[in-house]
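Counting in the numbering used here, the sequence shown runs from 54 upward without gaps. All C-beta atoms in this analysis are idealised placements derived from N, C-alpha and C, irrespective of residue type, glycine included. Take a look at the structure set out below.
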Amino acid sequence: MINLTVPPFVRHRLSTLVPWGISLGGLLGAIALQIYAPGGLRATTPTAVEPEDEPTAVQLQLLKTMPTFGFENLLADWTWLNFLQYFGDEANRKRFGYELNENYFDAITALDPRWLDIYVFLSTAVSFYQGNPETAIQFMERGTTALFPGQPPEAWLIWRLKAIDQLLLAGDTPGAIQSLEMAANWAENTTYQDFAPQFRQAAQTLKENPDNPLVRINAWLSVYSQVTDQRVQERALQELLKLGVKPQVGADGQTTFVIPPGLE
């Protein structure tokens, strides 16, 4: 039985960059609501940038090559704020799709690859909304190159995000194994060192049986635990039910999940 009481990951820098009275948790919930809505990855996104978006696409490309005079972080913050406006324009997103998501995150991760928190949104915007996990993984590799174990202590998170995209979306089990092992290595000697054995066990399980559903169960449990919207959790719940997991709601209203016999 698995008890889902996962504390939220505090994203201080992101929270200081949302100036419109929108809590970061609410933003995460809004994004995740559309990502994990029943029906899986959306196939309605246009395959080419719409004419009205072409100037923005050019500007984002220039940001990667123009002189920054030491203001890379500031430019990354500015690009993030512009992405929020782009992403939050529901009328145009319904009409034109989310084709510029990867352009925004290409610029942000090129300007500030050490901005750890941004990779949570990268996975959301590019892997799920655009259905392009391979591109998201390429951008994550900028972070795995620029960051170092323990700097910051949560640096292992980027390897875990990469592993989830590789396993659940890209179908790259060998890559997911390597990423889980790296997450374990980076978690060691930090305040998160208790996670290291879990990551190593997951990697070993995939090595011994790449089709073992337990690792995928744990990955979908992490999705379930990171959002609070009921419809979002329903998407993850459906994946868990397909894998044979049984949810139980206690008298206190807390949900626990029972793993099928033989998988524990």
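Asked: Do you know whose CA, among 313, 261 and 276, lies nearest residue 230's CA?; Found: 261
Asked: Can you give the Cα-Cα distance for residue 200 and residue 235, rounded to whole angstroms?; Found: 12 Å
Asked: Does residue 302 come out as helix, strand or coil in the three-state DSSP assignment?; Found: strand
Asked: Taking Cβ positions, are residue 172 and residue 150 nearer each other than 8 Å?; Found: no
Asked: Please determine, among 175, 312 and 162, the residue with the shortest C-alpha to C-alpha distance to residue 270.; Found: 312
Asked: Determine whether the beta carbon atoms of residue 240 and residue 246 lie at a separation below 8 Å.; Found: yes
Asked: Under 8 Å, with one C-beta from each stretch per pair, do the stretch 110-129 and the stretch 160-169 reach the 3-pair mark?; Found: yes
Asked: Alpha carbons only, please: which of 297, 268, 290 and 304 is nearest the one belonging to residue 216?; Found: 268
Asked: Alpha carbon to alpha carbon, how far is residue 123 from residue 108? Give it in angstroms, no decimals.; Found: 25 Å
Asked: Determine the contact status of residue 25 and residue 159, defining contact as a CB-CB distance below 8 Å.; Found: Within the shown structure, residues of the chain are numbered from 54 to 317, placing residue 25 beyond reach of any answer.
Asked: To the nearest angstrom, how far is the alpha carbon of residue 194 from that of residue 302?; Found: 39 Å
Asked: Going by beta carbon distance, what residues of the same chain come within less than 6 Å of residue 62, once the five residues before and after it are set aside?; Found: Bear in mind that the predicted position of residue 62 carries a pLDDT of just 42, short of 50, making it unreliable; the figure below should be weighed with that in mind. Here the set comprises nothing.
Asked: Just reading off the beta strand (DSSP E) that residue 198 is part of, what are its end residues?; Found: Note, residue 198: premise wrong, no beta strand (DSSP E); alpha helix (DSSP H) at 186-199.
Asked: Please report the distance separating the alpha-carbon of residue 263 from that of residue 296.; Found: 15 Å
Asked: State the DSSP-derived secondary structure class of residue 329, mapped to helix, strand or coil.; Found: A query on residue 329 cannot be resolved here, the shown segment of the chain reaching from 54 to 317 and no further.
Asked: Alpha helix (DSSP H) containing residue 111: first to last residue?; Found: 107-116
Asked: Between 169, 147, 136 and 202, which lies nearest to residue 153 when the distance is taken from Cα to Cα?; Found: 136
Asked: Quick one: Cα of residue 225 to Cα of residue 184, how far?; Found: 15 Å
Asked: Looking only at its chain, what residues have a beta carbon closer than 6 Å to the beta carbon of residue 97, apart from the 5 residues adjacent to it on each side?; Found: Unreliable placement is indicated for residue 97, whose pLDDT of 35 sits below 50; the coordinate value is still reported in the next sentence. For residue 97, where only same-chain residues beyond five positions count, there are no Cβ hits under 6 Å.
Asked: How far does the beta strand (DSSP E) with residue 311 in it reach, from first residue to last?; Found: 308-311
Asked: Distance check for residue 133 and residue 142, CA to CA, integer angstroms please.; Found: 14 Å
Asked: Please list, in chain order, all residues of the same chain as residue 232 whose beta carbon is under 7 Å from its beta carbon, the five residues on each side excluded.; Found: 212, 215, 216 and 219
Asked: Locate the alpha helix (DSSP H) running through residue 145, then write down its first and last residues.; Found: 143-149
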